[in-house]
Amino acid sequence: MNKRVRLRFAPSPTGPLHIGGVRTALYSYLYAKQKGGDFLLRIEDTDQTRFVPGAEEYIIESLNWCGIKIDEGVSVGGKHAPYRQSERKELGMYKKYAEQLIASGHAYYAFDSAEELDAVRKEAEINKQSFSYNAQNRGHLRNSLSLPANEVETLLTTNNYVIRLKVEANEEIHLKDLIRGDVKFNSNIVDDKVLLKSDGMPTYHLAHIVDDYLMEITHAVRGEEWLPSAPAHVLIYQYLGWTDLMPQYAHLPLLLKPDGNGKLSKRDGDRLGFPVFPLEWKDPSSGEISSGYRERGYEPNAFVNMLALLGWNPGTEQEILSMNDLIEKFSFEHVHKAGAKFNPEKTLWFNTQYVHHMANEVLAEKLKTQVARALNLNENDALLQDNYLTTAASLIKPRVHFAHELFQTAPYLFEAPTMYDAAVVEKRWKQELQPFFEQLINDFKSIQEFTLANAEAQFKQSAANANLKPGDVLQLFRVILSGHGSGVDLFGMIALLGQEEVSTRINNALAHFKK
Ligand code: GLU
364 MNKRVRLRFA PSPTGPLHIG GVRTALYSYL YAKQKGGDFL LRIEDTDQTR FVPGAEEYII
424 ESLNWCGIKI DEGVSVGGKH APYRQSERKE LGMYKKYAEQ LIASGHAYYA FDSAEELDAV
484 RKEAEINKQS FSYNAQNRGH LRNSLSLPAN EVETLLTTNN YVIRLKVEAN EEIHLKDLIR
544 GDVKFNSNIV DDKVLLKSDG MPTYHLAHIV DDYLMEITHA VRGEEWLPSA PAHVLIYQYL
604 GWTDLMPQYA HLPLLLKPDG NGKLSKRDGD RLGFPVFPLE WKDPSSGEIS SGYRERGYEP
664 NAFVNMLALL GWNPGTEQEI LSMNDLIEKF SFEHVHKAGA KFNPEKTLWF NTQYVHHMAN
724 EVLAEKLKTQ VARALNLNEN DALLQDNYLT TAASLIKPRV HFAHELFQTA PYLFEAPTMY
784 DAAVVEKRWK QELQPFFEQL INDFKSIQEF TLANAEAQFK QSAANANLKP GDVLQLFRVI
844 LSGHGSGVDL FGMIALLGQE EVSTRINNAL AHFKK
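Numbering (this note's numbering), first residue to last: 364 to 878.
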């Protein structure tokens, strides 16, 4: 029987979640959902020195905003609770496995102090060598393999030791990575990693393996910065006798700066003016605020679509993909091995596409709030009625990148202009045109049904009657109605404003031009 597919996102609560982390979560979620499996959230907080208050809540809120639903884990619970590693440590979930490795001869106690290790490292540096705690060096260091048994006994009673993995020299280690295929390592490049720290906390190396094993994780997606440690992880699975249960690893390539030179960092975002975090984040110690996509007005589905395509493609040219499309089409085979360059313009393009494809009724709701707030209108105002707002939204929509820009892009659909684009007036207005516009008011009044098409046909007719080409008066007419030389579709605007408002605005403008 095939095992139920289970993937976890396992961030450390050390600050706001970088968009690279969101992508890791997203790919895990997409694959889990495609296979009808589970997506878990586990908090890896074993490094208490890097713990940042609020980071866990931030992670959960970010996933929620993106529409990544947590089936099991911190914030929702589940049969493998608790899902915070610090709490699991309290329950003694890790130590016994470190001890099991000691018992089977695959791990040992090490008593070297930080100062002692620093000194050895410095000495190696002086000799132009690099130091690694490994098979070659462990014999000269202070550990249960090098020291006499009675000394080890005594040292153990001080409770000041770490447990290290005993990596055999010169072994070949294989990893079948879902993105990189077969990867081979020689064990000589793997150091004797610390598994349990002197405060009794497991390191990432031990903790994630124990948890992935106990939580029945089948696939582990993580950043490629973990690839160099992967051979140690393969050995730990092997030494614990869990090789058959090892999840399939997928090491994701980095997100790169827009110019491709190195990893995308918060500083690039600040420098180039785009957020690298999904939500705004206020640093609890410095108070510094980093901007987020949500607060900038991005639609979560546009953000998710953009992120999914950073380093993956569906195998076709299709770019606009909903969460359901992504779930259906995601595959590790199409994740690129090379880093993905972040592209802020493309991110804006995605948002624009989503806004342009939003239903007018949905945008009308947002517009309503904007108009009511900006003009201090009450609910019953004619300008806030659904029909009016829906048509206004449809006219403005093609001109915005963000839904929050609707009102500010065409306030003239809601209030008559008081100023007129001086350059256009200067260039186009002539006193001789006054009779044409006065006649136009009357001509418009004779229209039975004041639709876009009828208004446009009448305008052309009236211009012809006055021996004018529409082009002579079109832009001027736009300025008369809106104050601006460019904007939403002119006859769409005319039909929306209606006969009466159009007449009023023409009269206002003519009076203004006369001054
Ligand atoms: N806590 C690790 C990190 O934040 C998780 C890596 C993994 O997913 O295994 O990088």
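From the three backbone atoms N, C-alpha and C, an ideal C-beta is built for every residue, glycine too. Computed from a predicted structure; not experimentally measured.
Expected contact under 8 Å - CB spacing of residue i and residue j to nearest Å
{"i": "lysine 366", "j": "threonine 581", "result": "6 Å"}
{"i": "isoleucine 526", "j": "proline 594", "result": "19 Å between Cβ atoms; not a contact."}
{"i": "glutamate 359", "j": "serine 375", "result": "With the chain represented from 364 up to 878, any question about residue 359 goes unanswered, as that position is not in the structure."}
{"i": "alanine 858", "j": "leucine 815", "result": "4 Å"}
{"i": "isoleucine 382", "j": "phenylalanine 693", "result": "No, isoleucine 382 and phenylalanine 693 are not in contact; Cβ-Cβ is about 18 Å, not under 8 Å."}
{"i": "serine 550", "j": "tyrosine 524", "result": "Going by Cβ atoms, the distance from serine 550 to tyrosine 524 rounds to 24 Å, so no, they are not a contact pair."}
{"i": "arginine 369", "j": "methionine 578", "result": "7 Å"}
{"i": "tyrosine 656", "j": "proline 638", "result": "5 Å"}
{"i": "serine 391", "j": "valine 698", "result": "That pair is no contact at about 12 Å."}
{"i": "glutamine 463", "j": "leucine 603", "result": "7 Å"}
{"i": "leucine 510", "j": "aspartate 475", "result": "The Cβ separation is near 11 Å, so there is no contact."}
{"i": "lysine 529", "j": "aspartate 545", "result": "Lysine 529 to aspartate 545, Cβ: 25 Å. No contact."}
Cβ-based burial, residue i [other Cβ within 10 Å; buried from 16]
{"i": "threonine 679", "result": "exposed"}
{"i": "threonine 409", "result": "buried"}
{"i": "glutamate 486", "result": "exposed"}
{"i": "isoleucine 433", "result": "buried"}
{"i": "leucine 393", "result": "buried"}
{"i": "serine 425", "result": "buried"}
{"i": "lysine 808", "result": "exposed"}
{"i": "isoleucine 599", "result": "buried"}
{"i": "glutamine 448", "result": "buried"}
{"i": "leucine 752", "result": "buried"}
{"i": "glutamate 435", "result": "buried"}
{"i": "arginine 634", "result": "exposed"}
Beta bridge counterpart(s) of residue i as assigned by DSSP
{"i": "valine 584", "result": "Ala613"}
{"i": "serine 653", "result": "Trp644"}
{"i": "leucine 619", "result": "Lys626, Lys704"}
{"i": "alanine 470", "result": "Leu528"}
{"i": "histidine 875", "result": "The partner list for histidine 875 (beta bridge, DSSP) is empty, contrary to what the question assumes."}
{"i": "aspartate 540", "result": "Gly544"}
{"i": "arginine 369", "result": "Asp401"}
{"i": "glutamate 435", "result": "Leu403"}
{"i": "glycine 440", "result": "Gly436"}
{"i": "asparagine 549", "result": "Glu535"}
Proximity of residue i and residue j at Cβ, strictly below 9 Å
{"i": "lysine 704", "j": "glycine 563", "result": "no"}
{"i": "alanine 779", "j": "glycine 848", "result": "no"}
{"i": "isoleucine 843", "j": "tyrosine 783", "result": "yes"}
{"i": "alanine 773", "j": "asparagine 714", "result": "no"}
{"i": "glutamate 587", "j": "leucine 617", "result": "yes"}
{"i": "phenylalanine 412", "j": "leucine 615", "result": "Here residue 412 is threonine; the residue named in the question, phenylalanine, does not match the sequence. No, these two residues do not count as a Cβ contact at 9 Å."}
{"i": "leucine 558", "j": "alanine 470", "result": "yes"}
{"i": "alanine 701", "j": "asparagine 723", "result": "no"}
{"i": "tyrosine 576", "j": "tryptophan 605", "result": "yes"}
{"i": "alanine 874", "j": "phenylalanine 800", "result": "no"}
{"i": "leucine 796", "j": "phenylalanine 770", "result": "no"}
{"i": "serine 507", "j": "alanine 466", "result": "no"}
Residue i: CB within 8 Å of a non-hydrogen atom of ligand 2
{"i": "arginine 585", "result": "With respect to ligand 2, the structure offers nothing, as its ligand set consists of ligand 1."}
Residue-chain proximity (residue i, chain C), Cβ-Cβ < 9 Å
{"i": "alanine 388", "result": "Annotation note: the requested chain C is absent from the structure, which comprises a single protein chain."}
field: Ordered list of alpha helix (DSSP H) runs contained in the region 701-757, each at least 4 residues
entry: Residue ranges of uninterrupted alpha helix (DSSP H) with 4 or more members, entirely inside the region 701-757 and ordered along the chain, are 707-719, 723-738.
query: Which runs of the beta strand (DSSP E) fall wholly inside the region 383-419 and span at least 3 residues, in chain order?
result: For the region 383-419, whole beta strand (DSSP E) runs of length 3 or above, ordered along the chain, are 401-404.
query: What are the start and end residues of each continuous alpha helix (DSSP H) run of 4 or more residues lying completely inside the region 556-603, in chain order?
result: If we require 4 residues or more, the alpha helix (DSSP H) runs fully inside the region 556-603 come out as 567-577, 593-603.
message: To test your reading of the DSSP string, which unbroken alpha helix (DSSP H) runs of 4 or more residues are found completely within the region 476-514?
response: Counting only runs of 4 or more, we get 477-489.
- prompt: In the region 789-852, which residue ranges form an unbroken beta strand (DSSP E) of at least 3 residues, counting only runs that do not cross its ends?
  reply: Counting whole runs of 3 or more residues, the region 789-852 contains no beta strand (DSSP E) stretch at all.
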